[in-house]
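Chemist: Sharing a structure here in structure tokens format.
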Amino acid sequence: MVKELPHNKKDLHHEHQHLIPNDNRIKRLDELKQGQHGKIVSFHDHNGSKHADEPHRELKRHLMSMGFVKGADIKLVDVAPLGDPLKIKVKGYDIALRKEEAEDIVVELSED
Amino acid sequence: METLRIGLAGNPNVGKSTLFNELTGMHQHVGNWPGKTVEKSEGTHRLEKNGKVYELDIVDLPGNYNLSAKTIEEKVSIDFIVDESSDLIINVIDASNFERNMFLTVQLMELDANLVIALNMNKFARKKEYEIDSKKLSELLGVPVVEIEATDNVGINNLIDEVINLADNPINSSEKLVYGYELKDHLQEIAVEIEKDSELMDVPARWTAIKLLENDEVITGKVQNSKNAADILQAAKDVKKHLRDIFDENSEEVLANARYGFIDGLVKEAVDKPAVEKPDMTDKIDKIVTNRILGIPIFLGIMFLAFQLTFAVSSPIQDLITSFFDILGSWITVSLGHSWLTSFLVDGIIGGVGGVLVFLPVIFILFFVLSVLEDSGYLARAAFVMDRVMHKLVGLHGKSFIPMVLGFGCCVPGIMATCTLDNEKDRLTTMLIVPFMSCSARLPVYALFTAAFFTAYQGEVIFSLYLLGIIVAILVALIFKRTVFKGLSTPFVMELPSYKLPSLKGVLIHTWERGVVFLKKAGTIILALSVVVWVLSSLPVGVSYGAKASLTGQIGTFISPIFAPLGFGQWQPSIALLFGVLAKEVIVSTFSSLFSVAQTGSGMAVAMQGIFTPLSAYSFMVFVLLYMPCFATFATMKNETNGWKWPIISVCVTLVVAYLVSLVIYQGGMLLGLG
């Protein structure tokens, strides 16, 4: 009844571990152009850096509860008139996210 | 008669409140959760079934996306669900947002709640070409599912039938919740250790295990105090390491994936959705409303409309109320003659009560407007458009803009509008700076002083005061964000819900509730304080009301030296400021009665010029701009924050800021030779 989804994610991670700057299908969420969409590949954990603090972990938890999980389809619908925040579509609904928070999300652009 | 205690749980914007209103109608009241600033709506619904009378005691829990016990709203919900005295939970789900809504549902199932799902907004779902097989869903979840359309009052009776069933035959909703990703066995490993300590078993062991894997601070702390702490925490640690080794992700991510994995399974079997999401009405409207060019003009237009509606419409009604009380006051004076009793009735009671009632039109209309904006979904777009300004400039949320705009009319609705802010720290910071927005009650003061001292530049001077208020507000907000509220910025992650036509019934009920709350609570405080002021102004016996010889006058005279460095250390300004605490409009009338001149006409200007210079006049206006919120604002803050702490802090902050800024202006001006 409830199927087990493939759970060996190690392959996926290795593929993106050294984010190749000139692999132009891998982008940060805030780098997407209007209307582009893709699948979430990873979150920057900021391990060890000054960003690896409670608010950032909180943000990640909050985003996960809102549907931002690896493999989820995500689309940049629009940008606010003043340039920030971004309007994102995930799991079928719209959400506003600031650029500085969108930077943490890495997306693999879908072909189309 | 059987009483059932029921909680309504669900994401924000799913129609929970609409359902609540349908179920409870006028039998509801709004308050706060004990000791917290979160609003609590509670109501009752009576029915008879199978010859038995039931009273459903329904609590509208705060909207949650998650049950991680991090925010007050989540804690309140978890506490209710876990509480022995609660009988069941109705989980309201927005069918058009199925997947994300289910994330909360699975967490309710983790808690083993006695659960029924109310599948709402099926109309929207169908427009998006979603089809949900509720029978299949119910089978898969092991939880009853009832289709409703809260706004149309459809399916409510079915829901109530199911509720009665559940009350008589409670279920264990966690039975069919099976997580893949190897979690089932791992959770069991931890649960086994937890079960050894009966004190931890007030909640399902598996739930505690899940929380440990989620690094939940509250639960981890609870476990640390357990007698089996070492074994439990070691088991959890081992599992976390194992998960990391297999999945190369931390346990929190594994859990989130597991939940969505379960949900994906549900979707595959019970939900039919189109291959590509179609753009719906909401997307089309947003193309215009959040448009790069039109977005801000539309926003300003709607703000202007909201402001006008709130103040322009309520103003004539307020005048009517004021006139009514004037007439009443005159009638009493004529009937009873001049006496202590007359003064008590007219100056004390009518003054006090009138001072409260005069706000009612503003509040009712404000809440009507705010409810329409919020329920329709526009409020989120307003915050979306203005967020950059609020965030970069003031460190606040886009939603803080509206309370501040309203504050230009009156602080009371401005403070009440902060209820739309989800984050408590943002809410408090906004509340603290709204009083710096120059409210309309201060205008008579500006008009008087600029006419007397800045006749050629009235407009410019008044504008400078408004601007100064905004600048001070921004600075104070920045200071607070760096000190008291430091490091507590929550991420700006705000859902943009679909546009909906607000339910008129819901809006009216909500508006009425708010108005009544204001009347009862703020009203009591304002009345009490007004009576105190009356007493101080009428003693010693035989003194002319509010004159220099009265207690108020004596207090004013006593404190007047404090204002000397600000340029207005005389007794008249001091007394005027004291009365201004009651309401800012009173400042002008106080001056006129103290000088015994009419408020209009040149007599006033001459009298003012005897006490003030242009520089000290400006410094005085600045003080009036910034000092102490009026009684009504004070009372409203007490209501909204559910305590005296923050209103008192607001009083202190505004007094200090007012004093410092006036001081700088006066002394600076003297140094520059402007005095």
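Chains as they are written, first to last, in the working numbering: chain C, 2 to 113; chain Z, 3 to 677. Glycine included, C-beta positions come from ideal geometry on N, C-alpha and C.
#1: So what's Met672 (chain Z) in DSSP terms, helix, strand or just coil?
#2: Taking only three categories from DSSP, how would you classify His2 (chain Z)?
#3: Is Val391 (chain Z) near Leu480 (chain Z), with beta carbons less than 8 Å apart?
#4: Give, in chain order, every residue of the region 75-96 of chain C whose Cβ lies closer than 7 Å to some Cβ of chain Z.
#5: Could you tell me the distance, in whole angstroms, from the CA atom of Ala237 (chain Z) to the CA atom of Glu191 (chain Z)?
#6: Whole angstroms are fine: how far does the CA of Gly93 (chain C) sit from the CA of Lys51 (chain C)?
#7: In chain order, what residues of the same chain have a beta carbon less than 7 Å from the beta carbon of Thr292 (chain Z), not counting five sequence neighbours either side?
#8: Note down the Cα distance separating Leu268 (chain Z) from Leu77 (chain C), rounded to an integer number of angstroms.
#9: Could you give the residue range of the alpha helix (DSSP H) that holds Tyr94 (chain C)?
#10: Roughly how many whole angstroms lie between the Cα atoms of Ile352 (chain Z) and Ile613 (chain Z)?
#11: Can you list, in chain order, the residues of its chain whose CB lies under 6 Å from that of Leu338 (chain Z), leaving out five sequence neighbours each side?
#12: Please list the terminal residues of the continuous alpha helix (DSSP H) segment that includes Ile89 (chain C).
#13: I'd like to confirm the pairing. Which residues does DSSP put opposite Tyr56 (chain Z) in its beta bridges?
#14: I'd like the list of long-range same chain contacts for Glu271 (chain Z), defined as Cβ closer than 7 Å, with 5 residues on each side in sequence excluded.
#15: To the nearest angstrom, how far is it from the Cα of Tyr380 (chain Z) to the Cα of Val374 (chain Z)?
#16: Let me see if you follow: with CB-CB separation under 8 Å, is Lys72 (chain Z) close to chain C or not?
#17: For a quick check, are the C-beta atoms of Cys421 (chain Z) and Glu41 (chain Z) less than 8 Å apart?
#18: Suppose the cutoff is 7 Å on Cβ atoms and the five residues either side in sequence are ignored; what does the same chain contact list for Thr222 (chain Z) look like?
#19: Hey, how far is the Cα of Gly582 (chain Z) from the Cα of Trp536 (chain Z)?
#20: Kindly list, in the order they appear in chain C, the residues whose Cβ is closer than 9 Å to that of Asp389 (chain Z).
#21: Nearest CA to the CA of Asn68 (chain Z): which residue from Z:Ala549, Z:Val371, Z:Ala258?
#22: What residues are listed by DSSP as bridge partners for Ala11 (chain Z)?
#23: Three or more C-beta pairs under 8 Å: does that hold for the region 313-320 of chain Z against the region 495-514 of chain Z?
#24: Under a CB-based cut-off of 8 Å, is Phe105 (chain Z) close to chain C?
#25: What are the residues in the region 23-34 of chain C lying within 7 Å of chain Z by C-beta distance?
#26: Closer than 7 Å by C-beta to Thr635 (chain Z): which residues in its own chain qualify, once you throw out the five before and the five after it? Chain order, please.
#27: Can you check which of these residues, Z:Thr638, Z:Val147, Z:Asp187, is closest to Gly409 (chain Z) by C-alpha distance?
#28: Using a 10 Å radius around the Cβ and a threshold of 16 neighbouring Cβ atoms, would you call Leu25 (chain Z) buried or exposed?
#29: Short check: CB of Ile473 (chain Z) to CB of Tyr448 (chain Z), under 8 Å?
#30: DSSP three-state label for Asp74 (chain C), please.
#31: How should Gly303 (chain Z) be labelled, buried or exposed, when 16 other C-beta atoms within 10 angstroms of its C-beta is the threshold for buried?
#32: Would you grab the beta carbon distance between Glu164 (chain Z) and Val118 (chain Z) for me? Rounded to a whole angstrom, and I think it's under 8 Å.
#33: Asn99 (chain Z) touches chain C at which residues, Cβ-Cβ below 7 Å?
#34: Which chain C residues sit within Cβ distance under 8 Å of Tyr448 (chain Z)?
#35: How is the beta strand (DSSP E) around Gly525 (chain Z) delimited, first residue to last?
#36: Determine, using beta carbons only, whether Tyr262 (chain Z) comes closer than 8 Å to chain C.
Modeler: According to the structure shown:
#1: Met672 (chain Z) carries a helical assignment under DSSP once its states are collapsed to helix, strand and coil.
#2: In this structure chain Z extends from 3 to 677, so residue 2 (chain Z) is not present and cannot be described.
#3: Their beta carbons are not under 8 Å apart, which means Val391 (chain Z) does not touch Leu480 (chain Z) by this criterion.
#4: Taking 7 Å as the Cβ-Cβ cut-off against chain Z, the residues of the region 75-96 of chain C that qualify are Asp79, Ala81, Pro82, Leu83, Gly84, Asp85, Pro86, Lys88, Lys92, Gly93, Tyr94, Asp95, Ile96.
#5: Roughly 7 Å separates the two Cα atoms.
#6: Since pLDDT at Lys51 (chain C) reaches only 49, below the 50 mark, its modelled position is unreliable, and no value is offered.
#7: In chain order, Arg383, Phe386, Val387 place their CB closer than 7 Å to the CB of Thr292 (chain Z), counting only its own chain and leaving out the 5 sequence neighbours on each side.
#8: Answer to the nearest angstrom: the Cα atoms are 27 Å apart.
#9: Element bounds for Tyr94 (chain C): not the alpha helix (DSSP H) but the beta strand (DSSP E), 94-98.
#10: Taking the straight line from one Cα to the other gives about 32 Å.
#11: These residues qualify, in order along the chain: Thr344.
#12: First-last for Ile89 (chain C): 87-91, but that is the beta strand (DSSP E), not the alpha helix (DSSP H).
#13: Answer is Z:Glu4, Z:Leu49, bridged to Tyr56 (chain Z).
#14: So the list reads Lys138, Leu142, once near-sequence residues are dropped.
#15: Here the alpha carbon of Tyr380 (chain Z) sits roughly 8 Å from the alpha carbon of Val374 (chain Z).
#16: Yes - at least one Cβ of chain C is within 8 Å of the one on Lys72 (chain Z).
#17: For Cys421 (chain Z) and Glu41 (chain Z), yes; Cβs fall inside 8 Å.
#18: Excluding sequence neighbours, Thr222 (chain Z) sits near Leu214.
#19: Distance between the alpha carbons of Gly582 (chain Z) and Trp536 (chain Z) is about 13 Å.
#20: Think of a sphere of 9 Å around the beta carbon of Asp389 (chain Z): the chain C residues whose beta carbon falls inside it are Ala81, Leu83, Asp85, Pro86, Ala97, Arg99, in chain order.
#21: When only C-alpha atoms are compared, the closest one is Z:Ala258.
#22: For Ala11 (chain Z), DSSP records a beta bridge to Z:Asn93.
#23: Judged by Cβ distances under 8 Å, the region 313-320 of chain Z makes no contact with the region 495-514 of chain Z, as fewer than three pairs qualify.
#24: The Cβ of Phe105 (chain Z) sits closer than 8 Å to at least one Cβ of chain C.
#25: Interface annotation for the region 23-34 of chain C against chain Z: empty, criterion Cβ-Cβ distance under 7 Å.
#26: Cys413, Val414, Ile417, Pro437.
#27: Ranking the options by Cα distance to Gly409 (chain Z), first place goes to Z:Thr638.
#28: Classification for Leu25 (chain Z): buried.
#29: Taking a C-beta distance under 8 Å as the contact criterion, Ile473 (chain Z) and Tyr448 (chain Z) do not qualify as a contact pair.
#30: Strand at Asp74 (chain C).
#31: Residue environment: Gly303 (chain Z) is assigned as exposed (fewer than 16 neighbouring CB atoms within 10 Å of its CB, all protein chains considered).
#32: Their Cβ separation, rounded to whole angstroms, is 5 Å, which keeps Glu164 (chain Z) and Val118 (chain Z) in contact under 8 Å.
#33: Ordered by position in chain C, the residues that pass the 7 Å Cβ test against Asn99 (chain Z) are Gly93, Tyr94.
#34: Listed along chain C, no residue sits closer than 8 Å to Tyr448 (chain Z) by beta-carbon distance, the nearest being about 32 Å off.
#35: For Gly525 (chain Z), there is no enclosing beta strand (DSSP E); the enclosing alpha helix (DSSP H) has its first and last residue at 525-540.
#36: By this cut-off, Tyr262 (chain Z) is an interface position.
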